[in-house]
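Residue numbers (this note's numbering), protein chains in the order written: chain A, 25 to 364; chain B, 25 to 364. Only one structure is covered here, and it is reproduced in the block below.
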DNA sequence: GACTGGCACTCGTTACAGTCGAGTGCCAGG
DNA sequence: CCTGGCACTCGACTGTAACGAGTGCCAGTC
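Structure follows, in structure tokens:
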């Protein structure tokens with residue numbers, strides 16, 4: 025039941041050794057590599073208890089022990105301190121993010137940086153539209169019956185969509201429409217736009233009404249309902265590290281999951297509390313990812329959160345290190361966004 | 025030297041069998057599954073010749089034969105007809121592409137469609153900026169010293185970038201700048217803009233000169249020099265089909281290559297002639313992709329080419345089928361673009 | 001009561017030998 | 001030029017044995 029300090033120390037040692045060597049760890053090796061101050065036999069007794077409690081298990085009868093998902097969970101919650109970043113890592117982060125010229129650039133650099141530092145698969149969600157505000161809406165005439173609708177959000181995101189108008193609209197009307205739309209929607213949070221868009225249609229002068237109705241439909245569809253979220257991914261090649269031992273030999277399910285934006289969003293997205301989240305093994309809801317762990321956190325300018333980012337790797341990963349890196353990168357990105 | 029018809033038929037049979045079974049094919053199995061009208065012994069003699077000429081090889085002394093890259097090449101060039109698409113495939117293509125609302129949407133659907141139909145990794149290049157023309161350039165004030173520059177190309181691509189101005193610029197000046205820029209650049213091919221941009225600066229009224237200079241720099245940088253190309257990727261999970269036999273056991277180099285946009289662009293990009301291109305094994309220039317083949321072609325509205333698309337897979341792939349699919353998808357996408 | 005050394009036991013790994021069979025190359029004959 | 005026959009090669013598979021890392025248990029010690 026109660027795990028005394030030494031048993032916890034044994035668990036910690038097992039996790040650390042297994043993470044670094046990738047091999048089941050036995051009692052003898054443990055006492056040699058850690059100053060536990062007791063004999064292998066004692067450690068074996070402790071291990072037996074840990075196994076009974078479900079924190080570790082034996083792959084084969086005559087093999088050493090390996091942490092279970094539950095063991096990693098205990099390790100993360102109670103046995104590890106977040107590793108401070110090395111100066112080299114700090115420098116890498118700073119160097120990597122200077123010179124980013126636009127949001128795309130920031131996101132791409134960030135995701136590559138994360139992948140490189142953690143040597144895992146990195147995922148970065150673009151600033152969520154739902155948490156952005158409208159900075160400006162632009163209407164660009166393409167032909168007499170076609171407009172390009174461009175929305176610029178305060179987070180730097182730019183969304184566009186082609187609008188097929190019900191009939192020809194003269195240039196002056198476009199100017200009027202642009203003005204009306206911006207007056208109503210500028211600085212509004214996107215999540216709060218639906219009633220405003222509704223009002224736009226109702227308040228529009230009669231001659232602009234049909235066009236405005238079309239625009240309103242597209243606005244709601246594109247900006248609120250539709251694929252409003254975007255994701256950047258990097259470092260998939262890191263999945264092949266550790267031979268085929270991680271992920272029980274098949275990358276297939278992992279790669280499939282990584283192709284589904286919805287899955288990634290669920291994993292790293294809705295980070296409601298601003299704290300770092302760790303999902304270990306089957307704690308996540310996707311069968312394909314039962315052999316994987318995810319470390320994620322929210323980011324945004326100042327204390328607000330506009331999106332999530334994180335890394336995905338084998339359950340056998342360096343949690344303290346990855347947590348530290350993910351947090352640090354999120355903080356830097358937040359600062360970068362705050363400057364704009 | 026000269027390969028008579030029967031030897032070619034043998035090679036064709038070997039390629040087809042190997043592609044479908046994934047196992048080295050022996051002389052006996054060959055005569056059973058194909059009506060060659062000769063005995064296994066005769067086939068063996070032919071095989072000996074084919075091997076001597078480098079078209080096939082034996083993995084082990086006591087195993088059947090496997091095509092070499094050179095063998096596939098001959099097969100593709102002279103022994104195969106492009107497979108007609110099945111009605112089901114045609115329908116899939118049509119169904120998949122209706123309802124695309126903007127360029128992003130088209131590209132994403134296309135790449136997923138390709139991956140699904142060919143069961144390979146699919147790559148689609150966004151319409152190249154170099155081959156696009158400017159439809160409109162928009163300047164959106166973000167603050168008094170910041171502008172968002174948005175370019176809309178005739179291909180539907182939209183690029184934006186934040187511009188830090190040398191000093192505050194009143195709204196009227198922005199209007200003037202917008203007008204000047206659009207007068208000069210609208211409908212210009214992007215590859216031909218540099219002299220025009222230069223002229224813009226020289227012809228700008230003195231009070232707008234510094235701002236215009238800044239804008240010109242950003243314009244050239246973003247639209248012409250910088251990462252002007254974009255790529256969409258799908259179906260990486262397909263790499264794991266065929267166990268670990270393809271790609272000699274390690275996906276690592278392939279995954280690494282797929283993360284490099286530059287590599288992908290070289291593979292499927294510059295399709296100068298509008299014909300379909302097939303790169304087999306080490307015919308491509310990247311060591312990481314020596315075990316892979318690429319089938320690619322250009323696409324664009326009408327007969328012009330604005331970008332490339334294709335699939336990547338093991339050298340042991342269904343060339344006739346993939347070539348047919350890639351062509352068909354490219355044609356459909358071209359038609360779709362032509363409508364806009 | 002907690003820890004330790006010793007010991008028997010388990011079981012995966014490795015090495016080796018032997019068999020099997022698919023596939024080949026070669027050759028003599030049609 | 002093609003064919004049937006035959007000896008040969010060599011990887012795949014199987015079974016056996018030795019090895020050793022690691023364990024659980026127990027009796028003894030502090």
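Ideal placement from N, C-alpha and C gives every residue a C-beta, glycine not left out.
Task: Through-space distance from residue 116 of chain B to residue 359 of chain B, alpha-carbon basis - done: Residue 359 of chain B and residue 116 of chain B: Cα-Cα distance of roughly 16 Å.
Open item on the list: Can you confirm whether residue 264 of chain A, when its beta carbon is compared against all beta carbons of chain B, has any partner nearer than 8 Å?
Closed with: Yes, because at least one Cβ of chain B sits closer than 8 Å to the Cβ of residue 264 of chain A.
- [ ] Counting only the same chain and skipping the five closest in sequence on each side, list residues whose C-beta sits under 6 Å from that of residue 41 of chain A.
- [x] Result list for residue 41 of chain A: 49, in chain order.
Open item on the list: Helix, strand or coil for residue 321 of chain B? Go by DSSP, reduced to three states.
Closed with: Strand, per DSSP.
Open item on the list: For a quick check, are the C-beta atoms of residue 255 of chain A and residue 149 of chain A less than 8 Å apart?
Closed with: Contact: yes.
Task: Cβ of residue 46 of chain B within 8 Å of any chain A Cβ - done: Taking Cβ atoms only, chain A never reaches closer than 8 Å to residue 46 of chain B, which makes this a no.
Open item on the list: Tell me the rounded alpha-carbon separation between residue 314 of chain A and residue 136 of chain A.
Closed with: Answer to the nearest angstrom: the Cα atoms are 25 Å apart.
TODO: Report the three-state DSSP secondary structure of residue 261 of chain B (helix, strand or coil).
DONE: Helix, per DSSP.
Task: Spatial neighbours of residue 389 of chain B in its chain, beta-carbon cut-off 7 Å, leaving aside the 5 residues before and after - done: The structure shown has nothing for residue 389 of chain B, since chain B only spans 25 to 364.
- [ ] Grab me the residues of residue 366 of chain A's own chain with a C-beta within less than 7 Å of its C-beta, minus the 5 sequence neighbours each way, in chain order.
- [x] This structure does not reach residue 366 of chain A, given that chain A is present from 25 up to 364, and the question cannot be answered.
Task: Environment of residue 84 of chain B [buried if 16+ CB atoms lie within 10 Å] - done: Result: exposed.
Task: Nearest candidate by alpha-carbon position, reference residue 234 of chain B, set B:198, B:246 and B:252 - done: Looking at the Cα atoms, B:198 is the closest of the given residues.
Open item on the list: Is it buried or exposed, residue 108 of chain A, if we count other Cβ atoms within 10 angstroms and call 16 or more buried?
Closed with: In this structure residue 108 of chain A is exposed. Its beta-carbon is surrounded by fewer than 16 other beta-carbon atoms within 10 angstroms.
Task: chain B contact for residue 203 of chain A (CB, 8 Å cutoff) - done: False, the Cβ-Cβ gap to chain B never drops below 8 Å.
- [ ] Note down, in chain order, all residues in the stretch 152-167 of chain A with a beta-carbon under 9 Å from any beta-carbon belonging to chain B.
- [x] Against chain B - using a Cβ distance shorter than 9 Å - the residues of the stretch 152-167 of chain A are 159, 160, 162, 164, 165 and 166.
Task: Extent of the continuous alpha helix (DSSP H) run through residue 193 of chain B - done: Unbroken run through residue 193 of chain B: none, as it is neither H nor E.
Task: Terminal residues of the alpha helix (DSSP H) in which residue 112 of chain B lies - done: Secondary structure note for residue 112 of chain B: its alpha helix (DSSP H) is the uninterrupted segment 111-121.
Task: Contact set for residue 347 of chain B: own chain, Cβ-Cβ below 6 Å, skip 5 residues either direction - done: If the five residues before and after residue 347 of chain B are omitted, its C-beta is found closer than 6 Å to the C-beta atoms of 106, 300 and 319, all from its own chain and listed in chain order.
Open item on the list: Using a Cβ-Cβ cutoff of 7 Å, what residues of the stretch 109-140 of chain B are near chain A? List them in chain order.
Closed with: Residues of the stretch 109-140 of chain B with a Cβ closer than 7 Å to any Cβ of chain A, in chain order: 125 and 126.
- [ ] Using beta-carbon positions only, say whether residue 244 of chain B and residue 219 of chain B come within less than 8 Å of one another.
- [x] When the beta-carbon positions are compared, residue 244 of chain B and residue 219 of chain B stay at least 8 Å from each other.
Task: Complete runs of the alpha helix (DSSP H) confined to the stretch 61-98 of chain B [at least 4 residues] - done: Listed in chain order, they are 64-76 and 93-98.
Task: Range covered by the beta strand (DSSP E) that runs through residue 185 of chain A - done: DSSP places residue 185 of chain A in the uninterrupted beta strand (DSSP E) bounded by 182-188.
Open item on the list: With distance defined between alpha-carbon atoms, name the residue in A:355, A:263, A:203 and A:87 nearest to residue 146 of chain A.
Closed with: Cα-wise, what sits closest to residue 146 of chain A is A:263.
Task: Under 7 Å (Cβ pairs) to chain A, residues found in the stretch 273-299 of chain B - done: The residues in question are 274, 275, 276, 279, 280 and 283.
- [ ] Can you tell me which of the three DSSP states residue 331 of chain A falls into?
- [x] Strand.
Open item on the list: Can you give me the C-alpha to C-alpha distance between residue 252 of chain B and residue 129 of chain A, rounded to a whole angstrom?
Closed with: Taking the straight line from one Cα to the other gives about 12 Å.
Task: Between the CA atoms of residue 323 of chain B and residue 332 of chain B - distance to the nearest angstrom - done: Spanning the two alpha carbons is a distance of roughly 6 Å.
Task: Minimum Cβ-Cβ distance from residue 21 of chain A to chain B less than 8 Å - done: The requested residue 21 of chain A does not occur in the structure, where chain A is confined to residues 25 to 364.
Open item on the list: Does residue 228 of chain A pass the burial test, meaning 16 or more other C-beta atoms within 10 Å, or should it be called exposed?
Closed with: Label assigned to residue 228 of chain A: buried.
Open item on the list: So for residue 108 of chain B, helix, strand or coil by DSSP?
Closed with: The answer is coil: DSSP assigns residue 108 of chain B none of H, G, I, E or B.
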